[in-house]
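So the structure is just underneath, and the comments pick up after that.
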Amino acid sequence: MDPVEKDLRERLAKVGRQIFAEGLTHGASGNISARVPGTNKCVIKPSGYSFADLEPHHFIVVDIDTRKVLEGKEKPSIETPFHTKLYKHWPEAGGVVHVHPHYSTILSIIGEEIIPMGIEITEAPALAKGIPVAKFAPPGTDELADNLVEAMREHVAALMPHHGITTIGKTIEEAATNSRMVEFLAKLHYEVMLVGKPHPLREDILKGLVERAKQKGLLV
Ligand SMILES: [Zn+2]
């Protein structure tokens, strides 16, 4: 096997186990993928597997343009349409994480965009651009893919109503860091709403964070 693809499969399996252990998703829900650098191929989670059980050889290789399976016996994730569309829209994106974390899902149901609050956002500074709510569409549809790409035209994360979140990054690890931070911010936002009104960080600080993300070479 191509060493680059082998490395991606190992990293995907590791990230999948980590985000499962952290409680970002449960059961067989959620999916992750990574672009094979310099190609129009991505390596994606098979359908029906829990992140907890994923081994490197389980992942499927899919053509980003045609969505055809190039390698693997299992069915690729039901959400392959939005993974491939995000790679097409964001040529620099190298990883996509989609999970169903609790607090983010609560905010998605009431249509509440996550406001960048809390200085911890410095760990995922590209999120200073905000975390919008995509329009609802049923799972696995092209409509969902279109709505998500529309919401993520300028953002590396979005909430999906009644469903969960999707984040991207230059690498799968960066996409996972963005997912962790979205759920952290969602919990903070939820708890702030219990006692008052959420207020964003000051505008100049948010702009500075976006600059920092660019300087660090993160996807912005
Ligand atoms: Zn989902």
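Here our numbering = 1-based position in the sequence shown + 322. We treat Cβ as the ideally placed atom computed from N, Cα and C, and that holds for glycine. Bear in mind that the values here come from a model prediction, so they are computed numbers and not experimental data.
Item	Value
6 Å Cβ shell around Thr493 - same chain, five flanking residues per side excluded	Gly416, Gly417
Inside the segment 328–359 only - beta strand (DSSP E) runs reaching at least 3 residues	353–357
Ser322: CB within 8 Å of a non-hydrogen atom of ligand 1	As shown, the chain starts at 323 and ends at 542. That puts residue 322 outside it, with no answer to give.
Any alpha helix (DSSP H) of 4 or more consecutive residues that is wholly inside the segment 444–491	464–473
C-beta atoms of Val337 and Glu472 nearer than 9 Å	no
Identity of the residues DSSP links to Pro398 by a beta bridge	Pro368
For Ile453 and Gly491, the rounded distance between their alpha carbons	14 Å
DSSP three-state assignment for Gly440, whether helix, strand or coil	coil
beta-carbon Gly352 near ligand 1 non-hydrogen atom, thresh 8 Å	yes
Three-way DSSP call (helix, strand, coil) for Gly417 in this model	strand
Rounded distance between the beta-carbons of Ala448 and Val542, thought under 8 Å	5 Å
Start and end residues, beta strand (DSSP E) containing Val383	382–385
Length of the line joining the Cα atoms of Lys451 and Glu513	21 Å
Beta-bridge pairing of Val517 - partner residues as DSSP gives them	Paired residues: none, contrary to the question.
One or two residues paired with Lys363 in a DSSP bridge	Asp385
CB contact flag (Thr488, Leu408, <9 Å)	yes
Ligand 1 heavy atom lying under 8 Å from the CB of His348	no
Pick from Leu523, Leu334, Gln537, His348 that is closest to Met439, judged by C-alpha positions	Leu523
Proximity test, Met474 beta-carbon vs ligand 1 heavy atom, cut-off 8 Å	no
Cβ contact check for the segment 338–350 and the segment 396–410: 3 or more pairs under 8 Å	no
Where the alpha helix (DSSP H) through Leu392 begins and ends	That residue, Leu392, is in no alpha helix (DSSP H); its beta strand (DSSP E) goes 391–393.
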